[in-house]
Amino acid sequence: MFENLSHLALQQYWWIIDSLLGSLLVFLMFVQGGQTLIYRIGKSELERTMVVNALGRKWEFTFTTLVTFGGAMFASFPLFYSTSFGGAYWVWMAILFCFIIQAVAYEFRSKPNNVWGAKTFEAFLFINGLLGTILIGTAVGTFFNGAEFTVNDFNQSKWATPYGGLEAVLNLHNVALGLTVFFLARVLGSLYFMNSIENDQIFARSKKQLLVSGIPFLVFFLFFAVRLLIINGFAVDPQTSIVSMESFKYLHNLIAMPVVAVLFLAGVVGVLFGLAKSYLLEKYTKGIWFAGGGTVFVVFSLFLLAGLNNTSFYPSLADLQSSLTIQNASSSHYTLTAMSYVSLMVPFVIAYIVWAWRAMNSKKIDAQEISSEDHLY
3 MFENLSHLAL QQYWWIIDSL LGSLLVFLMF VQGGQTLIYR IGKSELERTM VVNALGRKWE
63 FTFTTLVTFG GAMFASFPLF YSTSFGGAYW VWMAILFCFI IQAVAYEFRS KPNNVWGAKT
123 FEAFLFINGL LGTILIGTAV GTFFNGAEFT VNDFNQSKWA TPYGGLEAVL NLHNVALGLT
183 VFFLARVLGS LYFMNSIEND QIFARSKKQL LVSGIPFLVF FLFFAVRLLI INGFAVDPQT
243 SIVSMESFKY LHNLIAMPVV AVLFLAGVVG VLFGLAKSYL LEKYTKGIWF AGGGTVFVVF
303 SLFLLAGLNN TSFYPSLADL QSSLTIQNAS SSHYTLTAMS YVSLMVPFVI AYIVWAWRAM
363 NSKKIDAQEI SSEDHLY
């Protein structure tokens, strides 16, 4: 089956798979967003414990998806993995550190005889929620704005600056995407609390945060999206593989791929609908599903705009012809074929996640459950 597909078809297939994983990761970052709201939502020790345990039910989904996304990119587009992870190492080390301390915090926050105290580990969760979201969003921004690297004829990459990728924060467009992800995660975290915790005070404070985080989210998202559609993009000649700058490249991609345009617009509507309905209706708790689904559609569309329609998904600012595309950065036809058969297991994995999610959320967290829980985060 897959072995009969062309190499380009397999490359496109795996870019779509990786894009889907990346979009699911951004949705699941509601955990990180919720972690930055622990002291905003929980005003007492009991309320903070309820908030942390609501997030503790789901943090492993986010972590596992992050690892799966990284592994899939490594296997399908190894030159990107070696170039970005090997060159922009300070950014990726910072992201890795953020997720390490998150795992430590959930493991030890409520341990008996904890000499550091719960507040120390709650600070770890805040750091993960703040830096993890902003850094990942900023790193993805380089898919559209480029990074400082070169690649020679032997596919050996070299970073062109001594800053290990940290120079990405000097690009306002990159940072705008990072802040968009941060505030979106806080919105999704608030919606998740409204859906999973049975407490009137927490519900009211979560609803208030929809406005507090929703306004800056919309500002940064609109700035990023509008600027994306008007900037010059990195076009690839399908015949010669020469990379050149093209005016309104990402707008052209959106027009050339109407399905992507529909997904993008549907996603925006979904996020706005979930946000507005949850804020305006008194006791509405299902907004997480509209906003979450919309998030997946929008991020999925952005990834497709970055890599399809003869576009460099990881442009080089140091040497334009070193820019990475799904053609020159991918694994061999044999490797992609073998991986494609493995990818047929993805629906079963998603089904398991849905089942586990429903099982964990069969009953909302309340004060009685916290007081009787054998294991607390």
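In this note's numbering, the protein residues as written are 3 to 379.
Using N, Cα and C, we set each Cβ at its ideal position, and we do this for glycine too.
Keep in mind it's a predicted model, so treat the numbers as computed, not measured.
Within 8 Å, strictly: CB atoms of residue 193 and residue 276: yes
Per-residue DSSP class, three states only, for residue 3: coil
Separation of residue 126 from residue 24, as counted between CA atoms: 24 Å
Strand pairing of residue 159, partner residues [DSSP]: 153
Span of the beta strand (DSSP E), counted from its first residue to its last, around residue 88: Looking at the DSSP string, residue 88 is not in any beta strand (DSSP E); the run it does join, the alpha helix (DSSP H), is 80-89.
Any alpha helix (DSSP H) of 4 or more consecutive residues that is wholly inside the stretch 52-125: 61-78, 80-89, 91-110
Contiguous alpha helix (DSSP H) assignments of at least 4 residues, all confined to the stretch 303-379: 335-345, 348-362, 369-374
Segment contact, 8 Å Cβ cut-off, at least three pairs: the stretch 330-350 with the stretch 71-88: yes
Beta-carbon spacing of residue 234, residue 247 below 8 Å: yes
Residue 250, enclosing alpha helix (DSSP H) - first and last residue: Here residue 250 belongs to no alpha helix (DSSP H), and DSSP marks it neither H nor E.
Option in 341, 365, 358 with minimal Cα separation from residue 73: 341
Best match in 11, 10, 27 for proximity to residue 294 [C-alpha to C-alpha]: 27
Contact check, residue 143 vs residue 180, beta carbons under 8 Å: yes
Residue 6 classed as buried or exposed, judged by whether at least 16 other C-beta atoms fall within 10 angstroms: exposed
Run of the beta strand (DSSP E) containing residue 171, from where it starts to where it stops: Unbroken run through residue 171: none, as it is neither H nor E.
Burial state of residue 47 (16 or more Cβ within 10 Å): exposed
Local Cβ density within 10 Å of residue 141, reported as buried at 16 or more and exposed below that: buried
Closest by C-alpha distance to residue 196, when choosing among 208, 185, 187: 208
Cβ pair residue 137, residue 178 closer than 8 Å: no
Helix, strand or coil at residue 199 according to DSSP, with G and I counted as helix: strand
Alpha carbon of residue 368 to alpha carbon of residue 35, nearest angstrom: 21 Å
Per-residue burial, residue 3 [other beta carbons within 10 Å of its own, 16 or more giving buried]: exposed
Beta-carbon proximity of residue 287 to residue 236, cut-off 8 Å: no
Candidates 354, 150, 302, 225, of which the one nearest residue 322 by Cα: 150
Strand pairing of residue 236, partner residues [DSSP]: 247
Residue 2 versus residue 20: straight-line alpha-carbon distance, rounded: The requested residue 2 does not occur in the structure, where the chain is confined to residues 3 to 379.
Three or more C-beta pairs below 8 Å linking the stretch 253-267 and the stretch 200-216: no
Inter-residue CB distance, residue 37 and residue 128 (contact presumed, cutoff 8 Å): 6 Å
Reference residue 85, options 345, 250, 176, 316, closest by Cα: 316
Neighbourhood of residue 379 by C-beta distance below 7 Å, restricted to the same chain and skipping five residues each side: 54, 55, 58, 108, 111, 112
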